[in-house]
Ligand code: NAD
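Numbering (my numbering), first residue to last: 36 to 531.
In structure tokens, the structure reads:
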């Protein structure tokens, strides 16, 4: 497949359009800086056009009607099928645009996106209200209704997955949506627009607007005719979204940053836990909100565990996103590479012990890309900047703990609360830990698994609300209470 100079368009009101301003942006491959595609650089005017189209589809067509939930579900299932048929194209495009290895995009990301459309396709008919237990001469029931127009703004690190995570539940529940992918990785979402058009999704039901956060994102967050905004990105921008959304009291879902603890007890299956620790921090080069960037090891296994971990980490093959041998790709941009290197430099200068990695790889074949060696530091205290701040790169900091209580204190000692894991053969201890950790996700004897069934979302400054699962679907609805008086009694009036 050649994506070189391939031109992509926004998808608004069922049509492929350029930006009203006619401006365009280019997407480059983080593995070699080659330009792989061009796409419209939209702004507030394009958002407004998309919102008008979505409003019209919601207010003036029967898309949102309950009786059409079967049809909505069918559309979503067909999108899933088409994604699977186009697996090669989507995974290549995604790897070139985001720098994720082809192994990740082909084996995981595109499938996860397809599974998400299919899951919510199946859920479309499963949204019910309740009949309430009131006296016999009253009928009181609830209706679960769609919200209207839902906006969504996504981060760059899992582009096709986020497109599915945001659009599928909104549509399943009967909403119409305006979706903004990150400007660094817009191509796979725009390619999705072609599937929507081919399947004949009614015009305006889904609209994809590309462009910068400060114009397109801001316009979505503050638009008066959007009822909800679902945001995935940094905690810093999440605060701005919350402020902008206050203008018309939009509902908000904020999926933000993390500094997740991965805790290994002495009785854990060490081989599995080492594999888990590597997946936790090096998957997508550590550019994961749920990265297990703090590894907490029990003092009895600290040395043994690190020996294995460091040895296996040194063998990780870095490579171009399309190289099937590569297990880790580049950072998304040269600027991001610089920021991650600055964290590493801070660690070196401030007394953390560098165990492996710590710089740009020497392999000349990687010189054009934004690569960073998988890096591990040992730290004495959780107060260190490397334990408190999200790095968003392949940089792991290891801490030692002596007992369960200390592990819990360390685990909870950051502003974040997104994900966590506990490795132990003692299920009672695993469950005690699961209850004590303040995070939206706890894995026991696993790391990183995410499925459409499980709610994904954080506690504390990692945000609130959920992506995926029935809980997320419910967040795309509002409850109406309908009270019906069936009695023949006189109306009890206080004013006669
Ligand atoms: P970011 O906050 O810089 O950008 C996210 C999105 O917001 C982009 O589409 C961007 O264009 C847009 N945006 C930027 N400024 C905006 C503004 N003022 N108003 C409206 N929109 C604006 O984040 P990023 O660099 O793309 O992604 C990395 C961050 O995302 C990390 O902190 C990571 O932890 C977080 N993240 C969280 C999750 C999660 O599910 N919790 C998942 C992935 C990434």
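Glycine is no exception: its CB is placed at the ideal position from the N, C-alpha and C atoms.
All values derive from a computational prediction rather than experimental measurement.
Could you tell me the distance, in whole angstroms, from the CA atom of residue i to the CA atom of residue j?
i, j, result
"residue 185", "residue 381", "41 Å"
"residue 54", "residue 233", "22 Å"
"residue 267", "residue 531", "56 Å"
"residue 41", "residue 435", "50 Å"
"residue 126", "residue 273", "29 Å"
"residue 402", "residue 395", "9 Å"
"residue 415", "residue 361", "33 Å"
"residue 37", "residue 129", "Only weak support is given to the placement of residue 37: the predicted model assigns it a pLDDT of 47, under 50, and the value that follows is read from those uncertain coordinates. Going by the C-alpha atoms only, they are around 13 Å apart."
"residue 486", "residue 427", "22 Å"
"residue 456", "residue 321", "16 Å"
"residue 593", "residue 333", "Absent from the model: residue 593. The displayed extent of the chain is 36 to 531, so no value can be given."
"residue 265", "residue 201", "7 Å"
"residue 197", "residue 150", "12 Å"
"residue 244", "residue 188", "10 Å"
"residue 523", "residue 170", "13 Å"
"residue 373", "residue 405", "9 Å"
"residue 283", "residue 259", "6 Å"
"residue 493", "residue 525", "51 Å"
"residue 181", "residue 209", "5 Å"
"residue 1", "residue 317", "Limits of the chain in this structure are 36 at one end and 531 at the other, which puts residue 1 out of reach."
"residue 112", "residue 347", "40 Å"
"residue 390", "residue 155", "44 Å"
"residue 140", "residue 445", "33 Å"
"residue 262", "residue 271", "22 Å"
"residue 246", "residue 222", "12 Å"
"residue 116", "residue 225", "17 Å"
"residue 290", "residue 387", "30 Å"
"residue 20", "residue 93", "This structure does not reach residue 20, given that the chain is present from 36 up to 531, and the question cannot be answered."
"residue 152", "residue 463", "36 Å"
"residue 393", "residue 366", "14 Å"
"residue 505", "residue 162", "9 Å"
"residue 194", "residue 216", "7 Å"
"residue 52", "residue 74", "10 Å"
"residue 310", "residue 105", "42 Å"
"residue 131", "residue 357", "7 Å"
"residue 437", "residue 299", "11 Å"
"residue 488", "residue 430", "30 Å"
"residue 368", "residue 352", "20 Å"
"residue 473", "residue 337", "24 Å"
"residue 256", "residue 397", "43 Å"
Can you pull the DSSP bridge partners for residue i?
i, result
"residue 513", "180"
"residue 143", "In DSSP, residue 143 forms no bridge with anything."
"residue 375", "BP columns for residue 375 are empty, so no partner."
"residue 266", "188, 289"
"residue 413", "388, 433"
"residue 520", "173"
"residue 149", "DSSP lists no partner for residue 149."
"residue 45", "52"
"residue 494", "452"
"residue 241", "212"
"residue 297", "330, 456"
"residue 17", "What the structure shows of the chain is the stretch from 36 to 531, and residue 17 is not part of that stretch, so it cannot be assessed."
"residue 123", "According to DSSP, which records beta bridges pairwise, residue 123 is partnered with nothing at all."
"residue 502", "491"
> Which ranges does the alpha helix (DSSP H) cover as unbroken runs of at least 4 residues, wholly within the stretch 416-460, from first to last along the chain?
Replying inline: The qualifying runs are 420-423, 439-447.
> Would you call the stretch 136-152 and the stretch 240-256 in contact, with 3 or more CB pairs under 8 Å?
Replying inline: Touching, no.
>> Count Cβ pairs between the stretch 71-80 and the stretch 247-267 that sit closer than 8 Å; are there 3 or more?
In response: A contact exists between the stretch 71-80 and the stretch 247-267.
> Do the stretch 413-429 and the stretch 442-452 make contact, defined as three or more Cβ pairs closer than 8 Å?
Replying inline: Yes: at least three Cβ pairs fall under 8 Å.
>> Pairs of beta-carbons, one from the stretch 511-530 and one from the stretch 165-176, closer than 8 Å: are there three or more?
In response: By the Cβ criterion, the stretch 511-530 is in contact with the stretch 165-176, since at least three pairs of Cβ atoms, one from each stretch, lie closer than 8 Å.
> Going along the chain, which unbroken runs of the beta strand (DSSP E) with 3 or more residues stay wholly within the stretch 188-229?
Replying inline: Within the stretch 188-229, the complete beta strand (DSSP E) runs of at least 3 residues fall at 211-215.
> Between the stretch 126-138 and the stretch 361-371, do three or more beta carbon pairs fall short of 8 Å?
Replying inline: In short, these stretches touch, since the Cβ pair count reaches three.
> Should the stretch 45-63 be called in touch with the stretch 219-235, which here means at least 3 C-beta pairs below 8 Å?
Replying inline: Output reads yes: the stretch 219-235 touches the stretch 45-63.
>> Extract the residue ranges of the alpha helix (DSSP H) inside the stretch 52-98, only unbroken runs of 4 or more that lie entirely within it.
In response: As far as the stretch 52-98 is concerned, its whole alpha helix (DSSP H) runs of at least 4 residues are 79-95.
> For the stretch 283-297 against the stretch 472-492, are there 3 or more C-beta pairs whose distance is under 8 Å?
Replying inline: Counting Cβ pairs under 8 Å, three or more are found: they touch.
> Taking three-plus beta-carbon pairs below 8 Å as touching, is the stretch 458-473 in contact with the stretch 303-321?
Replying inline: A contact exists between the stretch 458-473 and the stretch 303-321.
>> For the structure I just gave you, are there three or more beta carbon pairs, one from the stretch 405-412 and one from the stretch 333-350, closer than 8 Å?
In response: Yes, the stretch 405-412 touches the stretch 333-350.
>> When you compare the stretch 63-74 with the stretch 113-126, are there three or more beta-carbon pairs, one atom per stretch, that lie closer than 8 Å?
In response: No, because fewer than three Cβ pairs between the stretch 63-74 and the stretch 113-126 fall closer than 8 Å, the two stretches do not touch.
>> I'd like the ranges of any beta strand (DSSP E) spanning at least 3 consecutive residues and lying wholly in the stretch 330-406.
In response: DSSP runs (the beta strand (DSSP E)) wholly in the stretch 330-406: 388-391.
> At which residue ranges does the stretch 456-490 contain complete beta strand (DSSP E) runs of 3 or more residues, listed in the order of the chain?
Replying inline: At a cut-off of 3 residues, the continuous stretches assigned as beta strand (DSSP E) that sit fully inside the stretch 456-490 are 456-458.
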